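**Student:** Below you will find the structure I want to go over with you.
Numbering (our numbering), first residue to last: -7 to 484.
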């Protein structure tokens, strides 16, 4: 790194610290700079300039970036997004081409291994995944122990956490912390890694179907033989009678497979980052995937399509759309299904999903909510308020309507998001484990803004003081019986 006045390279950034006059030259590679370069901008602590011990100025500058608005944490070859132009590519292939010509499982292979598979490679991969759809009998008992009205995502999250207990040979805490990072050079470790990927992809559709069957109060169904990945999932959800020749409708299979493909990966979103954050500790992949499910469970992430349907139901009809639009502009209501953290133009997936919706409605009948959705879309796209803010329909706007038409319970929608996203999570996890630079545990820094050093005051000497809201425990209302019990205990 150049720190003198010599001529800086063209692809670099020259930074002068006006506090000290020190200048550093930071290399720019692929339009990014290493954040650690700013550690060179250190100086002696100076109380006269307002420095506090907790500011750690002698350790150099830190980058403060709430919500990771402009911080890259990995170098990746998997997915590229240009939010300004509405571009989404997996390993260089446009999402439009994949949605038209590929399948979910083939796209999963592409995400994981970098290239579209040959016929023999795809046969091997699909056979391995579908061979690992069965789950241990004890896991069925775990799933069966949930209440019938438990949220399906709570069941899915728990199932993945439990699955790791049935693969002790795949647990770094039991057999050695480097069993996956050794895959860079060890064939046995590489095989162990890929076996867990086959297991996770295969068992995912089984536990997801079990969560649905629990929700509907039905017995679990064994994984079928001879069906495709998406067919197998629908079969385990809907099959009712032993010995019947039931097969899911091919149009529904194709539509759901396309939806799975569209949701397979979206680079460094909250759930993917959660998988990699947890995975950077070298924990087993089952635990990392459970962490991804927990992140996607949040309504700001995986619950968006569910929110769209609830919003449309609350609007009620086309006639109520103008009034709802005005409520949104007055910030009295939330417009779900519009806008995206990355896309500042049309979400390319939303255009594809619109076509899928028509295919489904041709079978199930037109959902009355579709007219409301279309009127809402047209009203928002023609209103200057939303145009100025560049709010366009995203992938969640129509997907919820499709799931609703297919009869999925609303609280099951996040499962249909999480299930295909496992392929993307595993692709990023595998990439991290195989990184030539090794795996570094993710440990973000903070900017401390709290109190400086204080002396402890004994309890009897502390005085009452005005407390800000949220700075003390809340008073919780307990059932009467509990209050009586607590009162009685306090007298003993």
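The beta carbon of each residue, even a glycine, is placed where N, CA and C say it ideally should be.
Given the structure is predicted, the values throughout are model-derived calculations rather than measurements.
For residue 81, which three-state DSSP category applies?
**Tutor:** As a first step, residue 81 must be located in the chain shown, where it is residue number 89. Strand, per DSSP.
**Student:** Give me, in chain order, the residues of the same chain whose beta-carbon lies closer than 6 Å to that of residue 213; leave out the 5 immediate sequence neighbours on both sides.
**Tutor:** Residue 213 sits at position 221 when you count from the first residue of the chain shown. So the list reads 228 and 231, once near-sequence residues are dropped.
**Student:** Could you please give me the residues that DSSP links to residue 5 through a beta bridge?
**Tutor:** Here residue 5 refers to the residue found at position 13 of the chain shown. In DSSP, residue 5 forms a bridge with 18.
**Student:** Could you give the DSSP three-state label for residue 71: helix, strand or coil?
**Tutor:** Taking the first residue of the chain shown as position 1, residue 71 is located at position 79. DSSP places residue 71 in strand when its eight states are reduced to three.
**Student:** Mind checking which residues open and close the alpha helix (DSSP H) that includes residue 420?
**Tutor:** The count along the chain shown starts at 1 and reaches residue 420 at position 428. 405 to 425 is the extent of the alpha helix (DSSP H) around residue 420.
**Student:** Taking buried to mean at least 16 other C-beta atoms within 10 Å of its own C-beta, is residue 485 buried or exposed?
**Tutor:** Here the chain covers residues -7 to 484 and nothing more, so residue 485 does not appear.
**Student:** Using beta-carbon positions only, say whether residue 96 and residue 412 come within less than 8 Å of one another.
**Tutor:** The sequence position of residue 96 within the chain shown is 104, counting from 1. The sequence position of residue 412 within the chain shown is 420, counting from 1. Yes, these two residues count as a Cβ contact at 8 Å.
**Student:** Identify every residue that forms a DSSP beta bridge with residue 330.
**Tutor:** The residue labelled residue 330 in the question sits at position 338 within the chain shown. In DSSP, residue 330 forms a bridge with 385.
**Student:** Taking a contact to mean a Cβ-Cβ separation below 8 Å, would you say residue 276 touches residue 163 in this structure?
**Tutor:** As a working mapping, residue 276 is identified with position 284 in the chain shown. As a working mapping, residue 163 is identified with position 171 in the chain shown. Cβ distance < 8 Å, so residue 276 and residue 163 count as in contact.
**Student:** Taking the beta carbon of residue 261 as the centre, do at least 16 other beta carbons fall within 10 Å, making it buried, or is it exposed?
**Tutor:** Numbered from 1 along the chain shown, position 269 holds the residue referred to as residue 261. That one is buried.
**Student:** Say whether the stretch 44 to 56 touches the stretch 234 to 248, bearing in mind that this needs 3 or more beta-carbon pairs closer than 8 Å, one atom from each stretch.
**Tutor:** No: the two stretches stay apart, fewer than three of their Cβ pairs being nearer than 8 Å.
**Student:** Would you tell me roughly how many angstroms separate the C-alpha atoms of residue 470 and residue 201, rounded to the nearest one?
**Tutor:** Along the chain shown, one-based indexing puts residue 470 at 478. Along the chain shown, one-based indexing puts residue 201 at 209. Using only the alpha carbons, I get a separation of about 37 Å.
**Student:** Comparing alpha-carbon positions, which option in 123, 284, 355 and 380 lies nearest residue 321?
**Tutor:** Start at 1 with the first residue of the chain shown, and residue 321 comes out as number 329. Closest by alpha carbon: 380.
**Student:** What's the C-alpha gap between residue 139 and residue 403?
**Tutor:** Taking the first residue of the chain shown as position 1, residue 139 is located at position 147. Taking the first residue of the chain shown as position 1, residue 403 is located at position 411. Looking at the two C-alpha atoms, the distance is approximately 14 Å.
**Student:** Measuring straight from C-alpha to C-alpha, what distance separates residue 375 and residue 314?
**Tutor:** As a first step, residue 375 is located in the chain shown; it is residue number 383 there, counting from the start. As a first step, residue 314 is located in the chain shown; it is residue number 322 there, counting from the start. Each residue's alpha carbon lies about 11 Å from the other.
**Student:** Among 23, 22 and 27, which one has its Cα closest to the Cα of residue 16?
**Tutor:** Within the chain shown, residue 16 is the residue found at index 24, counting from 1. Among 23, 22 and 27, the Cα nearest to that of residue 16 belongs to 27.
**Student:** According to the neighbour-count rule (16 or more other Cβ atoms, all chains shown, within 10 Å of its Cβ), is residue 466 buried or exposed?
**Tutor:** By 1-based counting over the chain shown, the position of residue 466 is 474. Exposed: under 16 other Cβ atoms inside 10 Å.
**Student:** Looking at residue 417: is its Cβ nearer than 8 Å to the Cβ of residue 269?
**Tutor:** Looking up residue 417 in the chain shown gives position 425. Looking up residue 269 in the chain shown gives position 277. No, these two residues do not count as a Cβ contact at 8 Å.
**Student:** Roughly how many angstroms lie between the CA atoms of residue 209 and residue 79, to the nearest whole one?
**Tutor:** Counting from one through the chain shown, the residue named residue 209 turns up at place 217. Counting from one through the chain shown, the residue named residue 79 turns up at place 87. Roughly 42 Å separates the two Cα atoms.
**Student:** So, under 8 Å CB-CB, residue 384 and residue 338 are touching, yes? Tell me the CB distance rounded to an integer number of Å.
**Tutor:** Here residue 384 is taken as the residue at index 392 of the chain shown, counted from 1. Here residue 338 is taken as the residue at index 346 of the chain shown, counted from 1. Rounded, the Cβ-Cβ distance is 5 Å, consistent with contact.
**Student:** So residue 148 and residue 407 are in contact, right, with Cβ under 8 Å, and what is the actual spacing, rounded?
**Tutor:** For the purposes of this step, residue 148 is taken as residue 156 along the chain shown, with counting starting at 1. For the purposes of this step, residue 407 is taken as residue 415 along the chain shown, with counting starting at 1. Confirmed, Cβ separation roughly 6 Å.
**Student:** Tell me which same chain residues have a C-beta within less than 7 Å of the C-beta of residue 348, skipping the five on either side of it?
**Tutor:** Here residue 348 refers to the residue found at position 356 when the chain shown is read from its first residue. Excluding positions up to five away in sequence, the list reads 247, 250, 251 and 394.
**Student:** Check residue 86 in the structure and name its three-state DSSP category.
**Tutor:** One-based indexing of the chain shown puts residue 86 at position 94. DSSP places residue 86 in strand when its eight states are reduced to three.
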